[in-house]
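Here's the structure we're looking at; comments come further down.
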Amino acid sequence: MKVIIPVAGAGTRLRPHTHTQPKTLVPIAGKPILAHIIDDLRNYGFEQFVFVLGYLGEKVEEFIKNHYQNQIQTEFVYQEPREGSAHALWVARHFFEKEPEILIVLGDTIASLDYKKLLKHKNSVICVQKVANPTQFGIVQIGKKGEAISLVEKPKIPKSNWAMVGVYKIKNIPLLLQSILKLFELKQKNQNEYYLTDALMNMIEAGETISTLPVEHWYDCGKRETLLQANATLLKKPEFQNHYTQYPESVIIPPVSIGKNCLIKGSIIGPNVAVGEESILENCIIKNSIIGSYSEISNVLLQDSIIGNDSSVKGENYVLSIGDNAEINL
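Those letters in the sequence shown? Residues 89 to 418, per our numbering, in order.
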């Protein structure tokens, strides 16, 4: 089965980090979001991938070719202009229109689920999870048999708190394409985009049965706060905790992921910190943060922070001689 991964979005909610790199390459728990998605799918035997590229797409294509050459079969298509997830699939339709079924995985979200169960399902499937703030997501109203009754993108008055997590199995490819074309004909845009949510709703209205499948975990990586939460959660898994060397001059508080060839002196790192390779950390206290590769951090206290690749953050190093009854506020 082919996997279609739209990764064309600009990731405006993660700026300034997405000014210079696409959202899907933002690191989390030691590797880019897209690498988490591809590696998980490869573990389940998926080998054929179609990537729909857009904003800084050449960087995504370069990353995939450098890290997955001869490991997966890849096809690339550029979405221009970028007009939403349904439009992204339409642009890529020639790569999958003759397939009996496809898997669609949005490139900015990480979900843990049983793909074997998903593939065995006789119907098309939308993967879902309950959320506390349903007005921020595409929401599914679910029937008694687990089927999707209605789909609404970011509803003002939600009828459910089951959110779509960005993983879909589609069995009726011709109807999907007809439903997307209907959006274009009616100019049915939502926030100036053609949403896959609306195309799937057109399929349901045409009589297609689309089932739902709750996922085990879902890590929304769309904004800074949720990205840091996802980083902290993933770091608790043993496979994401890497210590390539010991740092006798520092204190490492797990869970922490440290890339190769880092220099760490006189610092307290952790918990919930991911540090990219070739970074230098001196005289720092860092917790609940993501530090990019090739960065230099010194003489600072950082928490709940995201530092991009090849960045420098330096504070002041004080030497004090303080007498009795003094109060110093730096």
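Virtual Cβ for every residue (Gly too), placed ideally from N, Cα, C.
Tell me whether residue i is buried or exposed, calling it buried when 16 or more other Cβ atoms sit within 10 Å of its Cβ.
i	result
residue 133	exposed
residue 339	exposed
residue 231	exposed
residue 417	exposed
residue 220	exposed
residue 94	buried
residue 406	exposed
residue 217	buried
residue 131	exposed
Since residue i and residue j are thought to touch, with beta carbons under 8 Å apart, how far apart are those beta carbons, to the nearest angstrom?
i	j	result
residue 235	residue 299	6 Å
residue 394	residue 373	Not confirmed; about 16 Å, so no contact.
residue 91	residue 122	Residue 91 to residue 122, Cβ: 12 Å. No contact.
residue 387	residue 371	5 Å
residue 369	residue 341	At roughly 14 Å, the Cβ-Cβ gap does not stay under 8 Å, so residue 369 and residue 341 are not in contact.
residue 176	residue 96	6 Å
DSSP three-state label for residue i, please.
i	result
residue 262	helix
residue 121	helix
residue 162	strand
residue 320	helix
residue 128	helix
residue 297	coil
residue 396	coil
residue 369	strand
residue 245	coil
residue 234	coil
residue 351	strand
Between the C-alpha atoms of residue i and residue j, what's the straight-line distance to the nearest angstrom?
i	j	result
residue 380	residue 401	12 Å
residue 126	residue 291	28 Å
residue 166	residue 278	22 Å
residue 349	residue 288	47 Å
residue 404	residue 384	14 Å
residue 263	residue 308	29 Å
residue 346	residue 244	42 Å
residue 312	residue 193	21 Å
Meets three-Cβ-pair contact criterion under 8 Å: the segment 275-284 and the segment 168-175: yes
Are the segment 206-219 and the segment 135-145 touching, with three or more C-beta to C-beta distances below 8 Å? no
Given 8 Å as the limit, is there contact between the segment 194-202 and the segment 241-255, that is, 3 or more CB pairs closer than that? yes
Can at least three beta-carbon pairs, one atom from the segment 220-229 and one from the segment 175-190, be found at a separation below 8 Å? no
Are the segment 314-324 and the segment 113-126 in contact at 8 Å, needing three or more beta carbon pairs? yes
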